[in-house]
Each structure stands twice: as structure tokens, then as C-alpha cells.
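A.B. asks: Sharing a structure with you now.
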Ligand code: NAD
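Numbering (the numbering used here), first residue to last: 135 to 415.
Written as C-alpha cells, this is what we have:
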């Protein structure tokens, strides 16, 4: 339950102008997607220096195709089962009521969109989309096609060549439409997630700064704030004169520098915030 002073703070922060959210892996934990670094996360079983880089993954695929396929299966397992939780739905309700002007997310799970959020800035891409490496055209890769692809990979895990041809089918050349409109530059599509060492998509970063420039409150949810450059956004917001609050299960790397920390589960605290604001979830 929120304390009296927290309820007052919610009213001050959320009713005096546009609120922007910055979300991280913690908001999706209650949807069953483990954080990568936390207990049971992918990086406990797979070394991120290899598996979170394009070069590393290409080398695993070439040398040990079965290990590569196992990784892809595990990567998509939780993502394919997850559904938006009360925290994602609360953000959608805040947007609908005009209080939230957008959500900037580090997540790649598509759950904000599935919850109904319209303005979603994706700093690290989206695992349910492929992108042309030349012209950057993005095309959704629906859950059903991912299931199909993962199943085919599993059946052909013994053969590097077969795996390559399966990828070529799901990540074709630009101009060979997967679904919807595609570009036409003949570049190769790839999964639209940002790997370690890669630049963040410029356009999304610009949209994130533009949202923060116009907000009065930045609310960080479920992020340890250790992954840069996303972690620099709360301090940028403060420099621009916005309040910064966080809703997190435990203190983040920037807790000491921000205005207030709500400690607890996002799926509990955000619906309570809706209650305080008298917004239907
Ligand atoms: P992180 O894993 O570094 O930190 C998660 C934070 O969430 C922790 O501080 C934890 O205390 C908090 N938390 C855990 N459960 C919570 C809950 N129920 N409610 C509120 N807070 C909770 O996450 P990060 O800062 O986003 O950085 C991880 C990187 O990994 C990001 O770049 C992200 O792209 C990626 N990632 C994404 C997903 C996803 O798309 N769902 C999942 C795992 C990792």
C-alpha cells in the first residue's frame, strides 16, 4: 500500500504535466520474462561476451550449431509465452487518460504495444521484428512465424547449412516481402535487436530526448540503470528540470541522485497509482 506521503507525491508528479516512463527488464519480470543478468537469466547459462554479440553468435552458429539453436530456443521461450501484466496495462491507461506522453523502453519484448501503448520508443529494438541492414526498413515477425522458425531450427540443429537456409527464409533480402510493405534495396534482414557493442537506433534516441525535453516527470520502472546510454536519460531529465522518480524492486545505480524511489513490484505499485489518480485500469 502506498503511504500518505507517496499518494501526495503521485498527485504532484502525475497531475502537473506530461509524464514520460523509462522502462527496463524489471517491468516484464511479472510477465514471466527473466532479466538477463538476474537469477535464472540467460547470462547465467550463456556468456554475454559471446552470445550478446553478432560476431560471437555467428561463430557459435558455425562451430556448434546445436548450441546456437538451444540459445535461440531459450531466448524466445519466455518471450513467446509472455503477456502484458498489470504494470504494462497501467501505463497504457495513463497514456489513454492523457497523463503519460510516451514510454521509452529498453525492452525488446513488444509488451507495451500489446498492452495498448501507442507512443513507444524502443532503444534496444524488438525481438518481434526484423530490420533491413542496409535501408533499416522494419517488418514485424509475428509470434506464429517465430514459433515456426524455432521449430525448424530445432529439427535441423545438426546442420550449419540447413540453419543458414532457414534464416534466409525468415530474414530474406529486402524487397522479398515477409508481411506488409517492405523496402526494395536487396539488403539482408536481421533480427531487430541491439547487440552488445552496437549503436542504438539514432531515430529512437532522438525521439527519447524529444519526449524527455517536454516532460515534467520521468518515471523509471524496473531498470537497474547500469546499461548505458539508456541509464544517462534520468540525469538528462534532471538537467532539463524534470522530476525523476523510480519504481523498482530494489535500489538502482542512480537511486541516490533521483527525487523519489518507490520500492516494490511494478505490477502492484502502478495499479495503486491509477487508484490514487482515479483512473480505470
Ligand atoms: P536489469 O535486469 O539490469 O534490471 C532490472 C531491474 O528491475 C532490477 O533493478 C530489479 O531490482 C528490478 N525489478 C525486478 N523485478 C521487478 C518488479 N517486479 N518490479 C519493478 N522492478 C523490478 O534491467 P535493465 O536495466 O532493463 O537492463 C537490462 C538490459 O537487458 C536492457 O538493455 C534490456 O534491453 C535487456 N532485457 C530485456 C528484457 C525484455 O525485453 N523483457 C529482458 C531481459 C533483458
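From the three backbone atoms N, C-alpha and C, an ideal C-beta is built for every residue, glycine too.
1) Please report the straight-line C-alpha distance between residue 360 and residue 197, rounded to a whole angstrom.
2) I'd like to confirm the pairing. Which residues does DSSP put opposite residue 377 in its beta bridges?
3) Counting Cβ pairs closer than 8 Å, one from the segment 241-252 and one from the segment 218-229, do we hit at least three?
4) Going by DSSP, what residue range makes up the alpha helix (DSSP H) through residue 184?
5) Compare the C-alpha of residue 157 against each of 403, 381, 139, 385 and name the closest.
6) Whose C-alpha, out of 410, 414, 415, is nearest the C-alpha of residue 140?
7) Just checking, does the segment 384-400 make contact with the segment 178-191 on the three C-beta pairs under 8 Å criterion?
8) I'd like the list of long-range same chain contacts for residue 396, defined as Cβ closer than 6 Å, with 5 residues on each side in sequence excluded.
9) DSSP three-state label for residue 261, please.
10) Residue 266 bridges to which residues according to DSSP?
11) Given this structure, state the Cα-to-Cα distance separating residue 169 from residue 263, to the nearest angstrom.
12) Under the three-state reduction of DSSP, which class applies to residue 155: helix, strand or coil?
13) Check for me: the alpha helix (DSSP H) holding residue 280 runs from which residue to which?
14) Looking at the strands, I want to know which residues DSSP matches up with residue 274.
15) Within 10 angstroms of its Cβ, does residue 320 collect 16 or more other Cβ (buried), or is it exposed?
16) Which of helix, strand or coil does DSSP assign to residue 252?
17) Just how far apart, CA to CA, sit residue 297 and residue 277?
18) Report yes if the C-beta of residue 211 is less than 7 Å from at least one heavy atom of the ligand NAD; otherwise report no.
19) Can you find at least 3 beta carbon pairs, one from the segment 289-307 and one from the segment 226-246, that sit closer than 8 Å?
20) Can you tell me whether residue 174 sits near the ligand NAD, meaning its C-beta is under 7 Å from at least one heavy atom of the ligand?
21) Three or more beta-carbon pairs under 8 Å between the segment 203-216 and the segment 282-298, yes or no?
22) May I ask which residues mark the beginning and end of the alpha helix (DSSP H) holding residue 396?
23) Residues bridged to residue 237 by DSSP?
24) Helix, strand or coil: which one does DSSP assign to residue 171?
25) Measuring from the CB of residue 318, is there a heavy atom of the ligand NAD at a distance below 7 Å?
26) Could you check if residue 326 is buried or exposed, using at least 16 other CB atoms within 10 Å of its CB as the buried criterion?
C.D. replies: Let me lay it out:
1) Going from the Cα of residue 360 to the Cα of residue 197 covers about 32 Å.
2) 351
3) yes
4) 182-185
5) 381
6) 410
7) Result no; under three Cβ-Cβ pairs closer than 8 Å.
8) 381, 403
9) strand
10) 323
11) 20 Å
12) In the displayed model, residue 155 falls within a strand according to three-state DSSP.
13) 277-289
14) 263
15) exposed
16) coil
17) 19 Å
18) no
19) no
20) No, the Cβ of residue 174 stays beyond 7 Å of every heavy atom of the ligand NAD.
21) yes
22) Looking at the DSSP string, residue 396 is not in any alpha helix (DSSP H); the run it does join, the beta strand (DSSP E), is 394-397.
23) 155, 254
24) Residue 171 falls in the coil class under three-state DSSP.
25) no
26) The residue is buried, with at least 16 neighbouring Cβ atoms inside 10 Å.
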